[in-house]
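Residue numbers 683 to 905, in this note's numbering, belong to the letters of the sequence shown in order.
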Amino acid sequence: MKRRYYQLVASLPALPDFRRTRVLPLSRLRLEERLALLHPDDLEELTRAERLVSWRRQPVGRTTGQIVAMYDEVMASTENRELRNVVDFRMNMRTVMVALRLKRQGKSAPRGLWGTGPFTRFVESRWADPEFGLGAVFPWIPEAKVFLDQGDAMELEKLLMGQSWKKLSRISDAHPFGFEQVFAFAYKWDILHRWLSYDAEKARERFEELILEVTSDHQNLFA
Numbered sequence: 683m684k685r686r687y688y689q690l691v692a693s694l695p696a697l698p699d700f701r702r703t704r705v706l707p708l709s710r711l712r713l714e715e716r717l718a719l720l721h722p723d724d725l726e727e728l729t730r731a732e733r734l735v736s737w738r739r740q741p742v743g744r745t746t747g748q749i750v751a752m753y754d755e756v757m758a759s760t761e762n763r764e765l766r767n768v769v770d771f772r773m774n775m776r777t778v779m780v781a782l783r784l785k786r787q788g789k790s791a792p793r794g795l796w797g798t799g800p801f802t803r804f805v806e807s808r809w810a811d812p813e814f815g816l817g818a819v820f821p822w823i824p825e826a827k828v829f830l831d832q833g834d835a836m837e838l839e840k841l842l843m844g845q846s847w848k849k850l851s852r853i854s855d856a857h858p859f860g861f862e863q864v865f866a867f868a869y870k871w872d873i874l875h876r877w878l879s880y881d882a883e884k885a886r887e888r889f890e891e892l893i894l895e896v897t898s899d900h901q902n903l904f905a
């Protein structure tokens, strides 16, 4: 039986579009207090998936192999189909961005453990294609490539966040008062929090860090 969270959802404030506000309408503490109203199984799924969906940087010591293992574990243990879709969406986005950064550095098609999700081998086999044959699946790729080539970290981040925001909004609208609406809110809150804490200079520094990471074989490509 599908769980409904009428009281929880009713307690959540409206989240303004992250691109058009400077105020976070709910603190992390207050958000966690509301999420505590979830059934323990749902809260566990949300928390486990958040490690991959979150826009916070991955811990420095976490390797690509560890992230791939986390992805496999989350996908195998998560019962909610929409939550699996969100995790897949986010990790596919990261994989495509890793590929674009590698290609920007003139690298040949990667081999071994470099990305995660269903498109890694597909990208390898279509390395010569500027969009890796995925333009219809991920129509944001050409624009992301432009921002990457220009070194415009903030516009690139805004584009990718916007894609995730749109995905989460669709899920939320399709499942009123369900677990899906709750985790969509939590992950959109994370995007908004990340965006409001952004700084143009730090974004540029982060952009340069990412470029350095993909030029070193031992670096974690999913930071």
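All C-beta atoms, glycine included, are put in the ideal place defined by N, C-alpha and C. On a predicted model such as this, the values are computed, not experimentally measured, just so you know.
Any heavy atom of the ligand FMN closer than 7 Å to the beta-carbon of residue i?
| i | result |
| --- | --- |
| A696 | Ligands in the displayed structure: none, and consequently the ligand FMN is not present. |
Can you round the beta-carbon distance between residue i and residue j to whole angstroms, since I take them to be within the 8 Å contact cut?
| i | j | result |
| --- | --- | --- |
| V705 | Q863 | With 8 Å as the limit, V705 and Q863 do not qualify as a contact, their Cβ atoms being about 22 Å apart. |
| L728 | L719 | With 8 Å as the limit, L728 and L719 do not qualify as a contact, their Cβ atoms being about 12 Å apart. |
| A826 | L784 | Their Cβ separation, rounded to whole angstroms, is 14 Å, which puts A826 and L784 out of contact at 8 Å. |
| F861 | N762 | 6 Å |
| R786 | L830 | 6 Å |
| L708 | P695 | 6 Å |
| L816 | V778 | 7 Å |
| L711 | F865 | No, L711 and F865 are not in contact; Cβ-Cβ is about 18 Å, not under 8 Å. |
| R738 | R876 | 7 Å |
Relative to the alpha-carbon of residue i, which residue among the options has its alpha-carbon at the smallest distance?
| i | options | result |
| --- | --- | --- |
| S879 | P858, G844, M836 | M836 |
| D724 | P707, R685, V769 | R685 |
| K840 | A856, W822, A810 | W822 |
| Y688 | H857, W737, H875, W877 | H857 |
| G844 | V828, P824, Q832, L874 | L874 |
| A810 | E726, D834, S790, V780 | S790 |
| Q748 | V780, L795, W737 | L795 |
| E813 | P824, R803, E806 | P824 |
| S846 | D834, V828, F820 | F820 |
| T760 | G788, E726, T746, R808 | E726 |
| V780 | T746, M752, A751 | T746 |
According to DSSP, what are the bridge partners of residue i?
| i | result |
| --- | --- |
| G860 | R686 |
Q) For the stretch 715-728 against the stretch 845-853, are there 3 or more C-beta pairs whose distance is under 8 Å? A) no
Q.
Assess contact between the stretch 859-870 and the stretch 685-702, defined as three or more Cβ pairs (one per stretch) separated by less than 8 Å. Is contact present?
A. yes
(Q) Taking contact to mean 3 or more Cβ pairs, one atom from each stretch, closer than 8 Å, check whether the stretch 755-770 and the stretch 725-733 are in contact. (A) yes
**Q.** Touch test, the stretch 757-775 against the stretch 792-805, Cβ-Cβ under 8 Å, three pairs minimum
**A.** yes
Q: With a floor of 4 residues, list each alpha helix (DSSP H) that falls wholly inside the stretch 734-791, ordered by position along the chain.
A: Segments of the alpha helix (DSSP H) lying fully in the stretch 734-791: 746-759, 763-786.
Q: Return the chain-ordered ranges of every alpha helix (DSSP H) run that is complete within the stretch 790-868 and spans a minimum of 4 residues.
A: 802-807, 823-832, 835-856
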